[in-house]
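So for the sequence shown, this note's numbering puts the first residue at 87; every next one is plus one.
Glycine residues also receive a C-beta, built at the ideal position from the N, C-alpha and C atoms.
The structure appears right after this line, and notes come after that.
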Amino acid sequence: MRNTTRDKVLQEIKVDQPAQLLDFLVQKEVRKSRNAVKSLLAHKQIKVNGKLITQFDFELKAKDKVSVMKYDQSRKEKRLKGLKIVFEDDDLIVIEKEAGFLSVATDKEKSRTVYNSLNEYVKKKDKKARVYVLHRLDREVSGLMIFAKDMELQDIFQKNWDNLVPKYSYMAIVEGRPNPKNGTVTSWLTENKNFVMMSSLIDNGGLKSVTHYKTQKSKGGYSLLDFDLETRRKNQVRVHMQEIGHPIVGDKKYGASNNPIKRIALHAGGLILKHPRTGELLEFKAGIPKAMQILISETQKERKKG
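So this is what it looks like as structure tokens:
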């Protein structure tokens, strides 16, 4: 067990009357939003009378002492290589996946996956616990992912994804400068025998797919785009950027000419989630990854040199 005697106390609050822990922390405004307070509990930053508490509905008594602790950034990074826990409660885990890690196992790789890492993590608390996959990100794509903690919730999400996840957005760096800068791509997608998604601008019996894109900025030969998806199809953003002649940087499967940052420059950076138990809307954002930011910065320098 980790020694926490050196943990720094940011704030101490005495309890005047009985209350549930989450409601108490929200009332005392230890953070600006209820979601931010939940994050404190998920990241093991709350102690009651010196004991670490993560339970939202923990019953406080008068004269209890609640302490808000400084977050130890190394705590989870050592345990969960390749991902960062953004939010956790009794039902769900929201993580940010790094590029280079599989979401789930394949025939060639069964251990180095987000799914396995999270299962190991929850089993340290409860040997019978496990996580359930709700969706996937490709190995070389980074960003936000949601996992359920029971099979019932997995089924609820599979049947009600659009209602429970009203927004799941991406950003990407593409080759060239799209014209128009902002637009919508609509096509029908089918998968060939080599597992490559093929796009048709006319209805060929494939899956109708709609992607809205907006150019955030362009530098040199690259552009940073934001995406909102009306549909969720395999490789949808990647295929649609190839369709309009501006493949995602590093995505040689779908037309990229080079791979300067050794990954696909695609990142799932925005998520709005309606909690299936409480109905509360939770919003999560994951900023542009360092490798993608460096690519934009390098392009700026190249233009200055020219």
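Neighbour-count burial assignment, residue i, 16 or more Cβ in a 10 Å radius
i, result
"Met257", "buried"
"Asp241", "exposed"
"Arg363", "exposed"
"Gly238", "The question names Gly, but residue 238 is Glu in the sequence shown. That one is exposed."
"Val335", "buried"
"Ile132", "buried"
"Gln328", "buried"
"Gly356", "buried"
"Gly122", "For clarity, residue 122 is Ala in the given sequence; the question names Gly instead. Result: exposed."
"Arg324", "buried"
"Pro252", "exposed"
"Glu98", "exposed"
"Lys164", "Only weak support exists for where Lys164 lies, its pLDDT of 40 falling under 50; the coordinates are left without a value."
"Ser160", "In this prediction, Ser160 has a pLDDT of 44, which is less than 50 and means its spatial position is unreliable; what the coordinates show is noted afterwards. Exposed, because fewer than 16 other Cβ atoms sit within 10 Å of the Cβ of Ser160."
"Arg349", "buried"
Cross-strand partners of residue i (DSSP beta bridge)
i, result
"Tyr443", "For residue 443 there is no data in the structure shown, the boundaries of the chain being 87 and 392."
"Ala258", "Leu311 and Leu352"
"Ser273", "Ser295"
"Asn268", "Lys300"
"Met155", "Val95"
"Met327", "DSSP, once it has assigned bridges, lists no residue as partnering Met327."
"Ser228", "His353"
"Lys211", "In the DSSP output, where bridge partners are listed per residue, Lys211 has none listed."
Reduced DSSP secondary structure (H/G/I, E/B, other) of residue i
i, result
"Ala377", "helix"
"Gln131", "coil"
"Glu182", "strand"
"Glu206", "helix"
"Val101", "coil"
"Phe142", "coil"
"Phe418", "Nothing about residue 418 can be read from this structure; the chain reaches only from 87 to 392."
"Leu293", "strand"
"Tyr299", "strand"
"Ser119", "coil"
"Ile398", "Outside the shown range of the chain (87 to 392) lies residue 398, about which nothing can therefore be said."
"Leu239", "helix"
"Lys245", "helix"
"Lys305", "strand"
"Leu188", "strand"
"Lys279", "coil"
Alpha carbon of residue i to alpha carbon of residue j, nearest angstrom
i, j, result
"Leu178", "Tyr207", "13 Å"
"Gly225", "Val260", "What sits at residue 225 in the sequence shown is Arg, not Gly. Spanning the two alpha carbons is a distance of roughly 18 Å."
"Ile330", "Asn321", "15 Å"
"Asp143", "Leu108", "6 Å"
"Ala105", "Leu146", "5 Å"
"Gln103", "Gln113", "13 Å"
"Val227", "Ala185", "5 Å"
"Asp212", "Leu127", "18 Å"
"Ile171", "Glu182", "6 Å"
"Thr272", "Val116", "46 Å"
"Tyr340", "Leu367", "35 Å"
"Phe110", "Gly136", "17 Å"
"Ser285", "Trp274", "6 Å"
"Gln244", "Gly291", "23 Å"
"Leu359", "Ile374", "20 Å"
Proximity test, residue i beta-carbon vs the ligand ADP heavy atom, cut-off 7 Å
i, result
"Gly168", "In terms of ligand content, the structure shown is empty, and the ligand ADP therefore cannot be addressed."
Minimum length 3: unbroken beta strand (DSSP E) runs contained in the segment 329-370: 352-360
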